[in-house]
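Per our numbering: the sequence shown = residues -14 to 235. Beta carbons: idealized from backbone N, C-alpha and C, even for Gly. Keep in mind the model is a prediction, meaning the values are calculated, not measured. Report on the following structure.
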Amino acid sequence: RTEGGESVATSLAFGDVKRDEFYAQPVAWAVENEITYGKTTELFAPDDGVSRAEVVTFLWRVTGKPVVDRAIDFVDIKAGKYYEEAVRWAIAEGITKGVDPTHFDPDASCTRDQIVSFLYRFAKAQAVEIENPFLDIKEKDYFYDAVVWGWNMGIVSGKSASKFAPDDKVTRGEAVTFIYRYAKVAGGDLPNPFVDLKQGEFYYYPVLWAANNGITSGTSVTTFSPDDNCTRAQVVSFLYRYDQQYNDAN
-14 RTEGGESVAT SLAFGDVKRD EFYAQPVAWA VENEITYGKT TELFAPDDGV
36 SRAEVVTFLW RVTGKPVVDR AIDFVDIKAG KYYEEAVRWA IAEGITKGVD
86 PTHFDPDASC TRDQIVSFLY RFAKAQAVEI ENPFLDIKEK DYFYDAVVWG
136 WNMGIVSGKS ASKFAPDDKV TRGEAVTFIY RYAKVAGGDL PNPFVDLKQG
186 EFYYYPVLWA ANNGITSGTS VTTFSPDDNC TRAQVVSFLY RYDQQYNDAN
């Protein structure tokens, strides 16, 4: 079957998704959970751009395709389009306001700043007080808080250590990777056993991920001691456990 011009693949059998690509696991996850599909049964087209309507639809599917009672004021959203209910939901949730009061521009390519802004609003996140690593992201930019939040959470990354490239078109591979990372971090409901690990700290989610995946443990059952020094032996142990768990599994 097809939906939105995409063919549904029952397994990750795409010839253009290589096992060692950063988006390989996110693509497999997205297909398995019917968040997005291939362009054909054999091709995912990870380097193709993704539209604003597609990104909103991916997020709508992540959250279980909720049905909302909300009028759509955008004249360019036609009844019966695959993304109609997704856009309706996104408006109701405050994820998007459109490119102007009467247009959503569904077929326009989604940019990197737009997708991280959608994710930021979707998460109902708060701005984080942390240094911005990107020279091309300024505090006056509407997406500043979203980018810094997404980078801090490990959801998005830059094109380089100092460049985010907000105006670049986001690719299909990048889009599913960002959404996958968000789902794993924010949607995983990871338990926090540590009384000294507070939400809002830049290391909060990385520590939870590492603790819940057996990469590290606390200095006691209830403390992590995030400000303590780390020995060379501990760092090597963290890397070894990661290698054993992830590289051996792959």
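Short Cβ contact (8 Å threshold) for residue i with residue j
{"i": "ALA131", "j": "TYR105", "result": "yes"}
{"i": "ARG55", "j": "ILE76", "result": "yes"}
{"i": "PHE89", "j": "ASP121", "result": "no"}
{"i": "PRO211", "j": "VAL192", "result": "yes"}
{"i": "PRO176", "j": "VAL206", "result": "no"}
{"i": "PHE128", "j": "ASP98", "result": "yes"}
{"i": "PHE59", "j": "ILE80", "result": "no"}
{"i": "ASP1", "j": "LEU28", "result": "yes"}
{"i": "ARG217", "j": "ILE200", "result": "no"}
{"i": "ILE115", "j": "VAL133", "result": "yes"}
{"i": "TYR165", "j": "PRO51", "result": "no"}
Backbone secondary structure at residue i - three-state DSSP
{"i": "THR42", "result": "helix"}
{"i": "SER36", "result": "strand"}
{"i": "ASP228", "result": "helix"}
{"i": "GLY172", "result": "Any reading at GLY172 is ruled out, since the residue's pLDDT is 49, under 50, leaving its predicted position unreliable."}
{"i": "ASP213", "result": "coil"}
{"i": "VAL52", "result": "coil"}
{"i": "SER102", "result": "helix"}
{"i": "SER236", "result": "Lying before the first or after the last residue shown, residue 236 is absent from the chain, which here runs from -14 to 235."}
Nearest neighbour of residue i, chosen from the options [CA to CA]
{"i": "GLU39", "options": "ASP54, GLU78, VAL161", "result": "VAL161"}
{"i": "TYR118", "options": "SER205, LYS3, GLY135", "result": "Rather than Tyr, the amino acid found at residue 118 in this sequence is Pro. Checking every option, the nearest Cα to that of PRO118 belongs to GLY135."}
{"i": "PHE163", "options": "LYS125, ASN177, GLN219, ALA108", "result": "ALA108"}
{"i": "THR156", "options": "THR208, VAL12, GLY34, ALA112", "result": "GLY34"}
{"i": "TYR22", "options": "GLU6, PHE7, PHE(-1), LYS169", "result": "PHE(-1)"}
{"i": "TYR188", "options": "LYS169, PHE223, GLY199, ASN137", "result": "ASN137"}
{"i": "LEU224", "options": "ALA195, ILE20, THR208, VAL133", "result": "ALA195"}
{"i": "LYS183", "options": "VAL113, ALA9, VAL220", "result": "VAL113"}
{"i": "THR48", "options": "LYS82, ILE20, ALA110", "result": "ILE20"}
{"i": "LYS123", "options": "LYS148, LYS144, GLN111, TRP74", "result": "LYS148"}
{"i": "PHE7", "options": "GLU159, TRP74, GLU17", "result": "GLU159"}
{"i": "ASN198", "options": "ASP213, GLY65, ASP228, CYS215", "result": "ASP228"}
Assumed close pair residue i, residue j - CB separation to whole angstroms, cut-off 8 Å
{"i": "LYS24", "j": "ALA15", "result": "At roughly 13 Å, the Cβ-Cβ gap does not stay under 8 Å, so LYS24 and ALA15 are not in contact."}
{"i": "PRO86", "j": "TYR68", "result": "At roughly 19 Å, the Cβ-Cβ gap does not stay under 8 Å, so PRO86 and TYR68 are not in contact."}
{"i": "THR96", "j": "LYS3", "result": "About 25 Å separates the two Cβ atoms, so there is no contact after all."}
{"i": "VAL72", "j": "ILE57", "result": "6 Å"}
{"i": "VAL170", "j": "GLY139", "result": "7 Å"}
{"i": "SER94", "j": "SER36", "result": "6 Å"}
Exercise for review: May I have a chain-ordered list of the alpha helix (DSSP H) segments no shorter than 4 residues that lie completely inside the stretch 109 to 163?
Suggested key: 129 to 137
Check your understanding: In chain order, which beta strand (DSSP E) runs of at least 3 residues are fully inside the stretch -7 to 34?
Key -> none
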